[in-house]
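Below: one structure, written as structure tokens.
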Amino acid sequence: MTKVAIIGAGPCGLSMLRSFEQAEKKGNKIPEIVCFEKQDDWGGLWNYSWRTGSDQYGDPVPNSMYRYLWSNGPKECLEFADYSFDEHFGHPIPSFPPRAVLYDYIIGRAKKGNLKDKIKFNTRVINTIYKNDKFEVSYQDKANDKIVRDVFDYVVVSTGHFSVPYIPEYDGMKSFPGRIMHSHDFRDAEEFREKNVIVLGSSYSAEDVALQCKKYGAKSVTIGYRHNPMGFKWPKGMKEVYHLDRLEGKKAIFKDGTEQEADVIILCSGYLHYFPFLDEELKLKTGNRLYPPKLYKGVVWQKNHKLLYLGMQDQFHTFNMFDCQAWFARDIIMKKIEIPNDDDIDKDINKWVSMEEKLENPDQMIDFQTEYTKELHAMSDYPKIDFELIRKHFKEWEHHKVEDILTYRNKSFSSPVTGSIAPIHHTPWENAMDDSMETFLNK
Ligand code: FAD
Ligand code: NA7
3 MTKVAIIGAG PCGLSMLRSF EQAEKKGNKI PEIVCFEKQD DWGGLWNYSW RTGSDQYGDP
63 VPNSMYRYLW SNGPKECLEF ADYSFDEHFG HPIPSFPPRA VLYDYIIGRA KKGNLKDKIK
123 FNTRVINTIY KNDKFEVSYQ DKANDKIVRD VFDYVVVSTG HFSVPYIPEY DGMKSFPGRI
183 MHSHDFRDAE EFREKNVIVL GSSYSAEDVA LQCKKYGAKS VTIGYRHNPM GFKWPKGMKE
243 VYHLDRLEGK KAIFKDGTEQ EADVIILCSG YLHYFPFLDE ELKLKTGNRL YPPKLYKGVV
303 WQKNHKLLYL GMQDQFHTFN MFDCQAWFAR DIIMKKIEIP NDDDIDKDIN KWVSMEEKLE
363 NPDQMIDFQT EYTKELHAMS DYPKIDFELI RKHFKEWEHH KVEDILTYRN KSFSSPVTGS
423 IAPIHHTPWE NAMDDSMETF LNK
């Protein structure tokens, strides 16, 4: 019998498990599956942890999410086609839920099947090699500190790529008298009340961590961009300036001449695609981009078609794109989709990569990833979902952010699955201090 290893039980790993479960429900014989998850529960980054650094077994903590994190895009854009928000909550809910609500939704679908039986928790994959047409996977049972080896026909890598921080160094850091940290270790903005905060970066983490700090009472927030500013209309007490040059004592000195007293530096400088558990020839090496090369249809490892990667792209689309990838990967494993010859694979990858390299603005990037997701969607029996509506929502959302970065989360969108319109949340995001599910769902 074909044996499949799935590494990681975050949203991508759960999509993979769900895809097999759905095939089985339709009467197909599915392979033997083992999913390895190094945390003690499922949900990946959405499973909040107070921990930073390493866990009680000495294993690096993968979580990068923090308290008070609210969805950074409309929930309608990530809705599962086979499990709507209306089905989970019993009624329409607002478009930008906090983390706990999205976590509940992800887990709600997973609980509907017997997916947990297939997951080995507290189990970290430490090595994967390919020999004699099989994968030899070594994993550590963390609680008992035991190493075990098993052999598989296919490996699905669904370990995420926002867990291992990229940490640059600037002059003066060694003698800075305050705190220097990466957004990976950011947990609670309350910590920075009355502090002068410097945030470095110009992408999602910089935007949200900076706004969180302001919302929860930081004295000042100064964002240092390296190439392009985010350019939003920042509220009073926040500013965006050009590139940190150096720190001198407590002072942050930027290349545009700005000088700012600093208590804390938060590096929102992104993450590394880091796969120490894969043999060199199996390892994807890429930056955070919309079409990492060497992956056919963004999923199949070009040099070994039995190795499948999920969710390795930079992401506008998330959960339903992961589903489309998982359904596609499942059908490759179950031989319902035939992989073309090497030349055609190469041409297909090059076509997407060269299109990606020409993208100039967020609207074009949204179009690109929507086209990619639609193409995958058409290749499997993943249920119907309106990707044209999702494309439109993403573009509106981008424009809402440009209009007002403080109010974009107060808007409402319609579901691409049920068509229902989200109600407006009872409290504007700027004033909503409590991120619990109970308070959010309270009408
Ligand atoms: P992850 O969620 O990272 O899950 C990977 C899993 O693999 C983890 O559980 C990890 O423990 C496990 N794992 C890793 N290595 C091993 C190993 N060697 N052995 C066994 N298990 C292993 N997306 C949105 O749609 N909306 C948002 O608002 C949003 N906010 C975000 C905020 C932050 C701060 C970050 C970092 C990301 C955010 N994202 C958001 C994007 C996020 O990447 C996806 O939503 C999603 O979590 C990706 O799922 P994944 O399964 O690929 O990875
Ligand atoms: P991203 O989206 O990969 O962005 C990384 C950012 O880090 C980007 O703006 C980079 O700027 C910046 N960067 C990298 N190196 C430096 C240095 N040396 N100095 C200053 N800035 C630097 O990661 P995020 O953490 O923002 O987002 C990850 C996910 O979290 C995302 O999918 C969201 O859903 C939430 P550059 O553009 O290269 O100048």
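As numbered in this note's numbering, residues 3 to 445 make up the sequence shown, in order.
Glycine included, every Cβ here is placed at the ideal spot set by N, Cα and C.
Predicted, not measured: the structure shown is a model, and the values here were computed from it.
Query, Result
"Please classify residue 167: does DSSP put it in a helix, a strand, or coil?", "strand"
"Would you list the residues sitting across from residue 297 in a DSSP beta bridge?", "303"
"Cβ-heavy atom distance between residue 330 and ligand 2 below 7 Å?", "no"
"Just mark residue 171 as buried or exposed, buried being the case when its beta carbon has 16 or more other beta carbons within 10 Å.", "exposed"
"To the nearest whole angstrom, what separates the beta carbons of residue 82 and residue 111, a pair I think is in contact under 8 Å?", "6 Å"
"Going by DSSP, what residue range makes up the beta strand (DSSP E) through residue 310?", "309 to 311"
"Alpha carbon to alpha carbon, how far is residue 24 from residue 443? Give it in angstroms, no decimals.", "30 Å"
"May I ask you to report which of helix, strand or coil DSSP gives residue 158?", "strand"
"Kindly examine ligand 2 and report whether one of its heavy atoms sits closer than 7 Å to the Cβ of residue 74.", "yes"
"With a threshold of 6 Å on Cβ separation, who are the neighbours of residue 153 within its own chain once the five nearest residues in sequence on each side are excluded?", "136, 138"
"List the residues that DSSP assigns as beta-bridge partners of residue 7.", "36, 157"
"Under 8 Å, do residue 202 and residue 239 count as touching if we go by C-beta distance?", "no"
"Shorter than 8 Å from the beta carbon of residue 188 to some beta carbon of chain C?", "Within the model displayed, chain C is absent; a lone protein chain is all it includes."
"Just checking residue 168 against ligand 2 - is the residue's beta carbon closer than 7 Å to any of the ligand's heavy atoms?", "yes"
"Which residue spans inside the region 312 to 361 form an unbroken alpha helix (DSSP H) run of at least 4?", "321 to 335, 344 to 359"
"Taking buried to mean at least 16 other C-beta atoms within 10 Å of its own C-beta, is residue 300 buried or exposed?", "buried"
"Which of the three DSSP states is assigned to residue 124 in this structure?", "coil"
"Smallest Cα separation from residue 249: which of 177, 127, 360, 241?", "177"
"Based on Cα-Cα distance, which residue from 307, 268, 313, 267 lies nearest to residue 288?", "313"
"How should residue 49 be labelled, buried or exposed, when 16 other C-beta atoms within 10 angstroms of its C-beta is the threshold for buried?", "buried"
"Give me the Cα-Cα distance between residue 16 and residue 118, rounded to the nearest whole angstrom.", "10 Å"
"Go to residue 442, then tell me how far its beta strand (DSSP E) extends in each direction, as first and last residue.", "First-last for residue 442: 439 to 443, but that is the alpha helix (DSSP H), not the beta strand (DSSP E)."
"Would residue 409 be called buried (16 or more neighbouring beta carbons within 10 Å of its own) or exposed?", "exposed"
"Got a sec, what are the start and stop residues for the beta strand (DSSP E) residue 1 sits in?", "Here the chain comprises residues numbered 3 to 445, so residue 1 is not present and cannot be evaluated."
"Check whether the region 346 to 355 touches the region 321 to 332, counting contact only when three or more Cβ pairs, one atom from each stretch, lie closer than 8 Å.", "no"
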